[in-house]
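Visitor: The structure follows.
Protein chains: 2
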Amino acid sequence: MLSSSKHEGRRRTKQRDTLAKILEGSERPLSVAELLEAASERIDGLGVATVYRTVAAMLDAGEIESVDIPGEPTRYERSNKGHHHHFSCERCERVFDLAGCLENLRKMLPPKFQVRSHSVALYGLCAACARPAK
Amino acid sequence: MLSSSKHEGRRRTKQRDTLAKILEGSERPLSVAELLEAASERIDGLGVATVYRTVAAMLDAGEIESVDIPGEPTRYERSNKGHHHHFSCERCERVFDLAGCLENLRKMLPPKFQVRSHSVALYGLCAACARPAK
DNA sequence: TTGATAATGATACGTTATTATCAATAACCT
DNA sequence: AGGTTATTGATAATAACGTATCATTATCAA
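Listed in order, the protein sequences are those of chains B and A. To convert, note that position 59 of the first sequence is 59 in the numbering used here; the numbers rise steadily by one, no gaps. In short: position in the second sequence from 1, add 1000, done, that's the numbering used here.
In C-alpha cells form, the structure reads like this:
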C-alpha cells in the first residue's frame, strides 16, 4: 500500500476549500471576523464556529500562522511567507505585511536573557487611509 | 488668591499613594493583577476596582503609560522613562524593559504609509528563568 | 445508493479583562 | 468636631473572544 487510500477522517468541504483559498490568496493577515465576512460571500450561512475550527486545523497542520497585535484579534496568514513584520492601520483596522526585519535586535538584550522570538509592529495610516480626505 | 486652596475634587488616599509609589518605583511594567498583589501587602482589603480607577486616573493625568503585549493583560509603567521596548518572559510571565531602539524602522515601510508609533517585543526567558533548573 | 460518521451551524457556555452600581467609609474644608 | 461628598470595596454587568454541545447535513468508501 503505497500512497494509501486510507481515510484519516479529514473530508473536503466547500467551507474548508474556500477558507484555505482566501488565506492563500491574501496578501495580508486576516482575522476570524474578516475570514467570515470574505467567505460568506461564497458560502451562504457560514458559521463562525466553522471558521474557528478550520483555522485551528490549518494552524496545527502548519499551513498558517497567527499574527498577534496588541488590542487586535488574532489574525492568520499562510506560513510560507518569509520572516517579516506588520503594520496596523489605525483608521481602517487592517493589518499589512512589511518586508524585511531588523537585524540588530539582540543588541538591546540584557545579559543572560534568551530570545526565542520577537515581534515588531508599526502603527499609523496605510496608503489608502493616509491620502487626504477628498 | 494665588496658589488656591480650592479643592477640585481629588482626594489623597492611602490606596492612591501606595499605587503611585509602586508604579514609580518599579523597573518593569505592572499589570492590574500585579499592582493589586503588590499593593495588598500594604493595604488590607484593597479592591480591584480601586486599582483600575487609580490606573485610569494616572493614565489620563499622563503619569503612566500602558504597555500592551499580545495575549497578556495590559501593563503600566511611569511615562518618564525614555523610548524603549519590552521583553516578555515566557516562563515567569513578567515583562521587562529593554534599553534603546532600532533606528532603521522606517526603511521597511511601504510608500505612502505613515507611521505614528511602533512597538517591539522580544519573547524568551529572562535571566532568572534562563538559568538551569537547579 | 447508501450507510457510517465527519463537518456544519446555531447557540449555550466559559474566559479574561474591564466598567457600572451602590451602600459604607474616609478626606478635608470650615 | 461635623458634614459634605469623593473614594472605596464587593459584586453585578459588559464586552470580546474563543470553545463545547448537539441535532442536522453532507462527504465519501463500499
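Even glycine gets a Cβ: it sits at the ideal position worked out from N, Cα and C. All figures in this text were calculated on a predicted structure; none of them were measured in a lab.
1) Please compile the residues from chain A whose C-beta is within a distance smaller than 7 Å of the C-beta of I69(B).
2) Check whether the Cβ atoms of K1112(A) and A130(B) lie closer than 8 Å to each other.
3) Helix, strand or coil, according to DSSP, for A1121(A) in the structure here?
4) Against chain B, does V1055(A) count as a neighbour if the rule is that its beta carbon must be under 8 Å from one of theirs?
5) Among S1119(A), A1099(A), L1035(A) and C1092(A), whose alpha-carbon lies nearest the alpha-carbon of A1127(A)?
6) List the residues of chain B that C1126(A) touches, going by C-beta distances under 9 Å, in chain order.
7) Could you say which of G1124(A), F1087(A) and G1045(A) lies nearest to L1030(A) if we only look at CA atoms?
8) Taking the alpha helix (DSSP H) that E1024(A) belongs to, which residues open and close that run?
9) Do we get a CB-CB distance below 8 Å when we pair L105(B) with the residues of chain A?
10) So, for V95(B): in the same chain, excluding its five sequence neighbours on each side, which residues have a beta-carbon less than 8 Å away from its beta-carbon?
11) Start and end of the beta strand (DSSP E) containing D97(B)?
12) Can you tell me whether S1003(A) is buried or exposed, with buried defined as 16 or more other CB within 10 angstroms of its CB?
13) With 16 other CB atoms within 10 Å as the buried threshold, where does T1054(A) fall?
14) Report the rounded CA-to-CA distance for Q15(B) versus N80(B), giving the unit in angstroms.
15) Between L46(B) and the rest of its own chain, which residues show a CB-CB distance below 7 Å, the 5 nearest in sequence each way excluded?
16) What separation, rounded to the nearest whole angstrom, lies between the Cα atoms of C101(B) and H118(B)?
17) Counting along the chain, where does the alpha helix (DSSP H) carrying C92(B) start and finish?
18) Could you tell me if H1007(A) is buried or exposed, where buried requires 16 or more neighbouring beta carbons within 10 angstroms of its beta carbon?
19) Which residue's Cα is closest to the Cα of R1042(A): T1013(A), R1116(A), D1060(A) and L1122(A)?
20) At a Cβ threshold of 8 Å, is L30(B) touching chain A?
21) So G1100(A) contacts chain B; which residues on that side make the cut at Cβ distance below 9 Å?
22) Does L59(B) have its Cβ less than 8 Å from a Cβ in chain A?
23) What does a CB cutoff of less than 8 Å around I1022(A) pick up in its chain, not counting 5 residues either side in sequence?
24) Tell me, to the nearest whole angstrom, how far the beta carbon of L1098(A) is from that of L109(B); I am working on the premise that it is less than 8 Å.
25) Going straight from the alpha carbon of V1048(A) to that of L1019(A), what length do you get?
26) Would you identify the three-state DSSP class for S1066(A), choosing helix, strand or coil?
Guide: Taking the coordinates as given:
1) P1070
2) yes
3) strand
4) no
5) C1092(A)
6) P110, K112, F113 and Q114
7) F1087(A)
8) K1014 to G1025
9) yes
10) R28, P29, V67, I69, E72, R75, H86, F87, S88 and C89
11) V95 to L98
12) Caution is warranted here: a pLDDT of 32 is assigned to S1003(A), below 50, making its placement in the model unreliable, and no coordinate value can be reported.
13) buried
14) 22 Å
15) Q15, L36, A39 and S40
16) 10 Å
17) C92(B) -> no alpha helix (DSSP H), and no H or E assigned at all.
18) Any reading at H1007(A) needs caution, since the residue's pLDDT is 46, under 50, leaving its predicted position unreliable; the model's value is listed next. Exposed is the call here.
19) T1013(A)
20) no
21) K107 and M108
22) no
23) L1030, L1035, A1038 and A1039
24) 7 Å
25) 12 Å
26) strand
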